[in-house]
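A.B. asks: Residue numbering for the sequence shown follows our numbering, beginning at 513 and increasing consecutively.
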Amino acid sequence: MQTFTLGTRLCFGENALDRLKTLGAQRVLLITDKFFAENGTAERLAALCGAQTRIFAEVQPDPPLELVARGVAVLREFRPDVLLALGGGSALDCAKGIRSLSGSQAMLVAVPTTSGTGSEVTSFAVLTHDGVKHPLVEDGLRPALAILDASLLDKLPAGLVADAGMDALSHCLEAVAAKNASAFSDALAHAAARCIFSDLPASCAIAKNGQSDRALRGRLHEAAAMAGIAFDNAGLGACHALAHALGGAFHLAHGKLNGILLPHILEFNAPAAGPAYARLAASCGLSGVRGLLFAVRRLRQRLELPQTLTQAGLPREAVTAQADTVCEAAANDPCAAGNPRPVTKADFSALLEAAL
Ligand SMILES: [Zn+2]
513 MQTFTLGTRL CFGENALDRL KTLGAQRVLL ITDKFFAENG TAERLAALCG AQTRIFAEVQ
573 PDPPLELVAR GVAVLREFRP DVLLALGGGS ALDCAKGIRS LSGSQAMLVA VPTTSGTGSE
633 VTSFAVLTHD GVKHPLVEDG LRPALAILDA SLLDKLPAGL VADAGMDALS HCLEAVAAKN
693 ASAFSDALAH AAARCIFSDL PASCAIAKNG QSDRALRGRL HEAAAMAGIA FDNAGLGACH
753 ALAHALGGAF HLAHGKLNGI LLPHILEFNA PAAGPAYARL AASCGLSGVR GLLFAVRRLR
813 QRLELPQTLT QAGLPREAVT AQADTVCEAA ANDPCAAGNP RPVTKADFSA LLEAAL
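#1: Within 10 Å of its beta-carbon, does L518 have 16 or more other beta-carbons around it, so buried, or fewer, so exposed?
#2: Given the structure, does D675 come close to ligand 1, in the sense that its CB is under 7 Å from one of the ligand's heavy atoms?
#3: Taking the straight line between their C-alpha atoms, what separation do you get for K857 and H776?
#4: Pairing CB atoms from the segment 677-697 with CB atoms from the segment 748-757, are three or more of them under 8 Å?
#5: I need the straight-line Cα distance from L653 to E865, nearest angstrom please.
#6: Under 7 Å: does the beta carbon of N770 sit that close to some heavy atom of ligand 1?
#7: Please report the distance separating the alpha-carbon of I772 from that of L811.
#8: So, using beta-carbon positions, are K768 and D836 closer together than 8 Å?
#9: Select from R521, E829 and L826 the residue whose C-alpha is nearest the C-alpha of L660.
#10: Please confirm whether any heavy atom of ligand 1 lies closer than 7 Å to the CB of T629.
#11: What is the rounded straight-line gap between the Cα of A705 and the Cα of Q813?
#12: Tell me the rounded alpha-carbon separation between P879 and A736.
#13: Can you name the residues that DSSP bridges to K645?
#14: Quick check on the DSSP output: the beta strand (DSSP E) that includes F524 runs from which residue to which?
#15: Would you call the CB atoms of F696 and A807 closer than 8 Å?
#16: Are there three or more Cβ pairs, one per stretch, closer than 8 Å when the segment 836-849 is compared with the segment 779-797?
Structure, rendered in structure tokens:
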């Protein structure tokens with residue numbers, strides 16, 4: 513028996529943020545980072561809610577448990593009926609952690625400002641403790657409402673467009689091969705991957721020129737959420753297991769790491785997941801697993817993303833020195849269990865060596 517869960521109501525399209533006006537909230541705790549507090553976006557969203565609002569703007573990348581604990585203290589004191597998360601994956605994951613650890617029943621509303629993690633629709637949150645990323649997976653983490661409003665994406669820097677887009681693509685490629693993949697998750701992963709292959713290079717080029725294209729950005733924003741729903745149901749695999757372990761140790765952007773690892777994981781998994789990759793390739797107008805592999809490498813090049821860990825600025829010696837800890841963490845990461853081909857610590861060592 514298989515299941516497929518649609519747990520998050522989506523609001524999207526023009527003026528999607530207006531949904532905040534009808535939440536009926538009394539007290540809103542808004543979780544975000546300094547950037548959105550200082551540029552006025554947090555205040556603007558708070559005003560739309562028409563409720564008493566507290567802004568917690570301490571979110572940092574790779575949110576550590578101590579930060580979540582501070583947020584829990586604020587939540588317990590303020591007692592909100594809505595928890596509004598505004599930002600990239602870190603802000604959304606931080607809000608999920610705060611809600612879960614506090615035991616609060618506040619409605620979680622996610623407003624993503626990057627198009628990658630899919631955290632707005634998933635039951636996953638990744639929190640960091642002592643240099644190790646811990647993915648939490650609980651049904652209760654899934655936001656009740658996600659608002660996808662492309663007007664928040666106008667000023668995204670090209671680097672963030674590329675990193676986030678590559679993360680979303682890796683969600684598609686891991687979801688189609690993962691152990692719980694189904695016709696439902698495939699349909700979403702295929703549609704999202706088609707959009708990413710066709711629209712991501714243009715979105716990145718436009719960002720480089722300091723411009724935006726809301727229709728294009730909106731399509732990619734929706735694709736990231738589709739990829740999120742797909743992997744939330746199907747699971748992930750070795751790429752995310754190793755990316756979490758490396759990200760915890762070296763704090764390199766999650767999407768960059770996935771981009772570096774993805775071709776190696778595709779080759780490793782091909783003996784077990786060849787037909788799933790081939791179906792995805794066909795759906796994207798590519799020819800077989802080879803065509804898919806070529807398209808991933810070509811996309812990475814067009815986005816000017818690093819191809820190796822050393823190109824990404826990680827010194828070979830530093831990675832080698834921590835290789836044992838990193839591979840141990842990857843083998844213990846819950847995502848490893850969803851990989852279509854059994855993957856051991858020794859396999860992760862070989863994959864890490866290949867990605868150097
Ligand atoms: Zn990811």
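Glycine included, each C-beta is placed from N, C-alpha and C at the ideal position.
C.D. replies: Taking the definition as stated:
#1: exposed
#2: Because no heavy atom of ligand 1 lies under 7 Å away, the Cβ of D675 does not count as near it: no.
#3: 15 Å
#4: Touching, yes.
#5: 35 Å
#6: Because some heavy atom of ligand 1 lies under 7 Å away, the Cβ of N770 counts as near it: yes.
#7: 12 Å
#8: With contacts defined by Cβ atoms closer than 8 Å, K768 and D836 do not form a contacting pair.
#9: R521
#10: T629 has its Cβ nearer than 7 Å to a heavy atom of ligand 1.
#11: Near 17 Å, if we compare the C-alpha coordinates of Q813 and A705.
#12: This structure leaves residue 879 out entirely; the chain is present only between 513 and 868.
#13: Beta-bridge pairing links K645 to T640.
#14: Bounds of the beta strand (DSSP E) holding F524 are R521 to F524.
#15: The answer is no: Cβ separation not under 8 Å.
#16: No, they do not touch.
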